[in-house]
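Structure first, commentary second.
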Amino acid sequence: MYASWRAAVSLPGGVYSPPLLCSAEQAPDKARSRVPVQACGVSLAFLLHLHESFSELGLEGRARTTTMIVAKLLSPAGLLQPTQRPITPQQAQHALLDNRGGKSGEDTPRGSVDLLRANLDTRQQSVTPPKGQQRGPIVASALGLQPAKEVRTRLWDLIDPHWCGKPSYYVCYAWKGDFLEMLATVVDRISRQQDHKEETSEGESTVDLNAIHVWLDVLALPQQCLGSSTTLDGPVFGPPPGLLDVQSAREVVCSCDRGAVIMLDRDMAVLHRTWPLFEVWLAAYYCSQDVSTSRVYAAIPKGIQVSMLLHLQTSCLSGLDLGRTTSSKPEDKQHIMVEVRHAAGQKRMQVLTSESILRATRGWLRWSGEPQDMALYAALMLQSKEYAQLQVSSCLYPCSGLGGLK
760 MYASWRAAVS LPGGVYSPPL LCSAEQAPDK ARSRVPVQAC GVSLAFLLHL
810 HESFSELGLE GRARTTTMIV AKLLSPAGLL QPTQRPITPQ QAQHALLDNR
860 GGKSGEDTPR GSVDLLRANL DTRQQSVTPP KGQQRGPIVA SALGLQPAKE
910 VRTRLWDLID PHWCGKPSYY VCYAWKGDFL EMLATVVDRI SRQQDHKEET
960 SEGESTVDLN AIHVWLDVLA LPQQCLGSST TLDGPVFGPP PGLLDVQSAR
1010 EVVCSCDRGA VIMLDRDMAV LHRTWPLFEV WLAAYYCSQD VSTSRVYAAI
1060 PKGIQVSMLL HLQTSCLSGL DLGRTTSSKP EDKQHIMVEV RHAAGQKRMQ
1110 VLTSESILRA TRGWLRWSGE PQDMALYAAL MLQSKEYAQL QVSSCLYPCS
1160 GLGGLK
């Protein structure tokens, strides 16, 4: 049923990597389907290769949001919509070569999705599709996914075990944001943590992306269409009703020993969504920590507008109101509000969440070592009239461009 997604990619150092997805003979694996949800982590190396594979599809604008990517992969529409006519092996060959810019007989370059092998499954090619039901397009066959109304398998169950492991970080993000940018930003943010770096014999620092695992809801939870949305965001997707409640979410967040990473998308949509703020609060409130360890990390995309960070600071200083956030499923918001009131109270929750996000954002901008981040940090201090702190920072980083602010 599931074709393998044979992506020919290379790991650092020229080491050949395994395919992203299990082979058709391996998936779905019933033993893997029994793995608890809190253990369904994927490595940063997998996220990096997943980003490269999706980038080859040429998605732009709203098509890059998590909602639309899931819609294309799992719904009967989009990439799984039957084509007007069956795809022949010759058409698949020409499409593959055109996509790669290669010629017949050339070696397949690494770093591209092997669409040809996924399409030329002999069993599928030998079967004539029923009248009115033609085969799907090349990309759908390459991804090896079925409509969510027919399949309840987690995407994590289809990922090659090489990429899987117990997650250390829980990723909080808004589905309205850019999914591809989220993957790249999360990998960059976590890999730049000093305690993940190792010194090589040449004296250079390196990070093993295969040893660091994160938890992503879109991969770890079964996704299915929950109905059409009345907004412009498209259909609503998520786990089957009752699969993930607030108690289960707390268990998953607390099982990630390093805490939560919140992805600050360019529109700051994450600040207006119920689930991401609740997940940040879970990490800050329930997970054990000490004064030297942060449980919330901010992943900030490169080139973000300073106006959006100023909006974040203003919102956090005013207090992020959970009651004004939105959720794709209104009942989820109701359950979360009840849980928060019983556990700590909504006021205390909003204060802790706001402080955690602002502290994580400003901390990373100050200590990342990038001049552009220091400039953004200076803008935040100027807005909040922290002139003394700004003076100290300009003295600590005289070469960062802040010296001119004295």
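At position 90 of the sequence shown the residue is numbered 849 (our numbering), and the sequence of numbers has no breaks.
Where is the CB? At the ideal position from N, CA and C, for every residue including glycine.
Quantities reported herein were computed from a predicted structural model and do not represent experimental measurements.
Does residue i have its Cβ less than 9 Å from a Cβ in chain D?
i: residue 922; result: Considering every chain present, this structure includes no chain D. It has just one protein chain.
Output the distance between the C-alpha atoms of residue i and residue j, rounded to the nearest integer angstrom.
i: residue 1132; j: residue 792; result: 42 Å
i: residue 974; j: residue 930; result: 6 Å
i: residue 922; j: residue 1147; result: 47 Å
i: residue 1134; j: residue 1054; result: 25 Å
i: residue 928; j: residue 1018; result: 5 Å
i: residue 824; j: residue 934; result: 6 Å
i: residue 766; j: residue 1144; result: For residue 766, the pLDDT reaches just 33, beneath the cut-off of 50, and the residue's location in the model is therefore unreliable, leaving the point undetermined.
i: residue 795; j: residue 1130; result: 42 Å
i: residue 1036; j: residue 964; result: 34 Å
i: residue 918; j: residue 979; result: 10 Å
i: residue 1124; j: residue 1111; result: 20 Å
i: residue 1007; j: residue 1022; result: 21 Å
i: residue 1024; j: residue 808; result: 21 Å
i: residue 984; j: residue 998; result: 9 Å
i: residue 1102; j: residue 1071; result: 26 Å
i: residue 920; j: residue 803; result: 14 Å
i: residue 954; j: residue 831; result: 38 Å
i: residue 817; j: residue 1104; result: 45 Å
i: residue 1193; j: residue 1060; result: Here the chain covers residues 760 to 1165 and nothing more, so residue 1193 does not appear.
i: residue 1126; j: residue 1089; result: 39 Å
i: residue 1160; j: residue 1113; result: With a pLDDT of only 45 at residue 1160, under the threshold of 50, the placement of this residue in the model should not be trusted, and no figure is reported.
i: residue 1083; j: residue 977; result: 24 Å
i: residue 1069; j: residue 790; result: 48 Å
i: residue 714; j: residue 1128; result: As displayed, the chain neither begins before 760 nor continues past 1165, which places residue 714 out of reach and without an answer.
Can you tell me the Cβ-Cβ gap for residue i and residue j, rounded? I've got them flagged as a contact below 8 Å.
i: residue 1118; j: residue 1136; result: The Cβ separation is near 12 Å, so there is no contact.
i: residue 939; j: residue 814; result: 6 Å
i: residue 936; j: residue 1029; result: 7 Å
i: residue 926; j: residue 800; result: 3 Å
i: residue 1045; j: residue 1013; result: 5 Å
i: residue 1057; j: residue 1116; result: 7 Å
i: residue 1031; j: residue 1085; result: 6 Å
i: residue 1010; j: residue 797; result: 6 Å
i: residue 829; j: residue 982; result: 6 Å
What residues in its chain sit with their C-beta under 7 Å from that of residue i, if we drop five residues either side in the sequence?
i: residue 1149; result: 1137, 1140, 1141, 1164
i: residue 1003; result: 980
i: residue 959; result: 965
i: residue 969; result: 802, 804
i: residue 891; result: Model confidence at residue 891 stands at a pLDDT of 41, short of 50, so the residue's coordinates are unreliable; what they give is reported in the following sentence. Around residue 891: no qualifying Cβ.
Starting from the C-beta of residue i, find all residues in its chain whose C-beta is less than 6 Å away, skip the five residues before and the five after it, and write them out in chain order.
i: residue 1087; result: 995
i: residue 1108; result: 1040, 1099
i: residue 806; result: 942, 946
i: residue 1094; result: 1005
i: residue 1042; result: 1012, 1018, 1019, 1054, 1055
i: residue 924; result: 800, 972
i: residue 810; result: 939, 942, 943
Name, in chain order, the residues that DSSP records as bridge partners for residue i.
i: residue 1062; result: DSSP lists no partner for residue 1062.
i: residue 1075; result: For residue 1075, which the question treats as bridged, DSSP gives no partner whatsoever.
i: residue 983; result: 997
i: residue 930; result: 1020
i: residue 964; result: 958
i: residue 972; result: 802
i: residue 1207; result: As shown, the chain starts at 760 and ends at 1165. That puts residue 1207 outside it, with no answer to give.
i: residue 1055; result: 1019
i: residue 1032; result: 1085
i: residue 937; result: 824
If I measure Cβ to Cβ from residue i and keep anything under 8 Å in the same chain, skipping five residues before and after, which residues do I get?
i: residue 1091; result: 1033, 1034
i: residue 1169; result: Coverage of the chain is limited to positions 760 through 1165, which leaves residue 1169 absent and any answer about it impossible.
i: residue 957; result: 964, 965, 966, 967
**Prompt:** Is the segment 1073 to 1083 close to the segment 935 to 951, with three or more CB pairs under 8 Å?
**Reply:** no
**Request:** Pair every Cβ in the segment 1060 to 1067 with every Cβ in the segment 965 to 982, then say whether three or more of these pairs are closer than 8 Å.
**Result:** no
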